[in-house]
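The structure appears right after this line, and notes come after that.
Residue numbers (full-length UniProt numbering): 1 to 406.
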C-alpha cells in the first residue's frame, strides 16, 4: 500500500479539547482503578509517592479478600459436609477467587493496558474534524452508559447480599434473636465472631472486601467497554472518510487515501493490543459467569418463597448475565465494524479511481475480511453465539445440581 508516514513520536495537538475529552473517556475507569491501586500502573504519569500508595492499597485489598477466602474456603472444603451448605457458599467464595484472579490480571497486564490508554489519548489529541470528534464522543458516551449500568447492578445486588439479605430474609429474622449472621462462615475456630466488637469488625471487613471485588469486576469491564467502543468510533470515522474518498480524489486530493490506509493499520494494531491486554480477563469472566450464573439460578429457585432473597439473587443474576452479554456483544460489534470497512470499500465507486488507488482499496477490503477478534484466552471468540452457549451451559449445570440435590 502506498501511504505517507506520519510522525508518531509526538503529535501536535489538533484537538484543543483533547485534555477534557480524554478525561471524559477515562474518568469512570480512573474512579474505579484508583481505590484498588491499579491506576498509577496504567496511567503513565505517576510519581514515586503514587506507586507507594498504590502498593499499600493493593496489600490492603488483597488482605481483605483473603480474609474471606482462607476461612471460608477451609470451612467449605474440610469442615462442613453438607452438600446444601457447600452449594450455598460456592457462589460467594468462588466469586472471591475469581475477583483475586481478575485483580492479578489487571496488575500483570498493566503494561499493555497502559499502551492502550496512550493510544486512546493520542487519537483524542490528533482528531481534527469536528464531525469525527463528535463520532468519538458518541461512542465514548455509549461506553460510559454501559459501565454505569454494570456498576449499578453489581453494587446494588452485591451489597444487598452482604447487608440487607443477611438481616431481612426469613432465615436471618428467625436466627437474629440468638445468632448474628455473616455472609461468610469459618471464623469460629480462631475468633468468637458473635461477641462485640469482633462481629462488627468482621462484618465491616466483609463489606469492605465486597466493595473491592465489585470494583475490580467493574474496572475490568470498563477497560473492555472503553477500548472496544473507541475502536468502533475509529472505524466509523474510517467509513465516513471512505464515503468522501472518490469526491476528494476527483478534486486532486490524494492525501485522504494515504490517511485512510495509515489509520486502518493503526486501528488494527490497537485492536490486537487490546485483545492481548484483555484475553485473560475475558477468559476468567467467561468461566466465572458460567458457574456463578448456574449457582444464582439455583439460589433463585431455592429462595423463591422469600421475597428479599429472591430479589437479591435475581438482581445478581441479571448483573452477571448483563456483564457477560456485553462482553460478548462488544466482541461481536468489533468484528462487524471491521467487516463494515470492507463492505464500504466495495460499495463506493472504486472503479472510477486510478488503478493504483483502486489497488490499495482492494487490499483494504481483503484485510477487512479477516478482522481482529476479541477472545477469551485465545480459546473462545467473544460473540453473541458465545453468550448463548454460556447461558445454555449454565442451565445444563443447573439441571445437574437439581438432580444431585434431589
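Glycine included, each C-beta is placed from N, C-alpha and C at the ideal position.
Here the structure is a predicted model, which means the values were calculated and not measured.
Who are the near neighbours of residue i in its chain, counting only those whose CB is closer than 6 angstroms to its CB and skipping five residues on each side?
i: residue 54; result: 37 and 40
i: residue 2; result: Because residue 2 carries a pLDDT of 44, less than 50, the predicted location of this residue cannot be relied on, and no value is offered for it.
i: residue 193; result: 187, 199 and 202
i: residue 78; result: none
i: residue 109; result: 277
i: residue 8; result: Residue placement at residue 8 cannot be trusted, given a pLDDT of 44 that sits under 50; the coordinates are not used to answer.
i: residue 310; result: 303 and 304
i: residue 143; result: 225, 226 and 229
i: residue 22; result: 121 and 124
i: residue 393; result: 290
i: residue 69; result: 96
Who are the near neighbours of residue i in its chain, counting only those whose CB is closer than 8 angstroms to its CB and skipping five residues on each side?
i: residue 10; result: Model confidence at residue 10 stands at a pLDDT of 47, short of 50, so the residue's coordinates are unreliable; what they give is reported in the following sentence. Cβ neighbours of residue 10 beyond the five flanking positions: none.
i: residue 404; result: 83
i: residue 162; result: 183, 206, 207 and 210
i: residue 406; result: none
i: residue 166; result: 172, 181, 182 and 183
i: residue 397; result: 290, 291 and 294
Below 8 angstroms between beta carbons: does that hold for residue i and residue j?
i: residue 277; j: residue 102; result: no
i: residue 242; j: residue 357; result: no
i: residue 322; j: residue 147; result: no
i: residue 298; j: residue 233; result: no
i: residue 332; j: residue 384; result: yes
i: residue 182; j: residue 164; result: no
i: residue 217; j: residue 35; result: no
i: residue 119; j: residue 270; result: yes
i: residue 209; j: residue 67; result: yes
i: residue 290; j: residue 390; result: yes
i: residue 364; j: residue 262; result: no
i: residue 222; j: residue 87; result: no
i: residue 76; j: residue 57; result: no
i: residue 42; j: residue 168; result: no
i: residue 160; j: residue 312; result: yes
i: residue 431; j: residue 342; result: With the chain represented from 1 up to 406, any question about residue 431 goes unanswered, as that position is not in the structure.
i: residue 352; j: residue 112; result: no
So residue i packs on residue j, CB below 8 angstroms; how close in whole Å?
i: residue 93; j: residue 72; result: 5 angstroms
i: residue 316; j: residue 158; result: 7 angstroms
i: residue 338; j: residue 371; result: 3 angstroms
i: residue 344; j: residue 239; result: 5 angstroms
i: residue 292; j: residue 95; result: 6 angstroms
i: residue 107; j: residue 245; result: At roughly 44 angstroms, the Cβ-Cβ gap does not stay under 8 angstroms, so residue 107 and residue 245 are not in contact.
i: residue 212; j: residue 65; result: 6 angstroms
i: residue 267; j: residue 301; result: Not a contact, Cβ separation roughly 46 angstroms.
i: residue 44; j: residue 122; result: So it is not a contact: roughly 12 angstroms between Cβ atoms.
i: residue 361; j: residue 235; result: About 16 angstroms; that fails the 8 angstroms criterion.
Does any heavy atom of the ligand GDP sit closer than 7 angstroms to the C-beta of residue i?
i: residue 256; result: Ligands in the displayed structure: none, and consequently the ligand GDP is not present.
With respect to the alpha helix (DSSP H) encompassing residue i, which residues constitute its N-terminal and C-terminal limits?
i: residue 337; result: 307–347
i: residue 461; result: The chain is shown only over 1 to 406; residue 461 falls outside these bounds and no answer can be derived.
i: residue 304; result: Counting along the chain, residue 304 falls outside any alpha helix (DSSP H), and DSSP gives it neither H nor E.
i: residue 70; result: 48–74
i: residue 157; result: 130–162
i: residue 27; result: 18–33
i: residue 360; result: 355–368
i: residue 391; result: 384–405
i: residue 39; result: 39–43
Can you find the residues in the same chain that come closer than 7 angstroms, C-beta to C-beta, to residue i, ignoring five residues on each side of it along the sequence?
i: residue 407; result: Outside the displayed span of the chain (1 to 406) sits residue 407, for which this structure offers no information.
i: residue 154; result: 214, 217, 218 and 319
i: residue 386; result: 328 and 380
So, is the C-beta of residue i closer than 8 angstroms to a C-beta in chain D?
i: residue 284; result: The structure shown contains no chain D; it holds only a single protein chain.
Report yes or no: do the segment 189–198 and the segment 124–136 share at least 3 C-beta pairs separated by less than 8 angstroms? no
Do the segment 277–289 and the segment 375–394 make contact, defined as three or more Cβ pairs closer than 8 angstroms? yes
Three or more C-beta pairs closer than 8 angstroms, one from the segment 221–228 and one from the segment 18–37: is that the case here? yes
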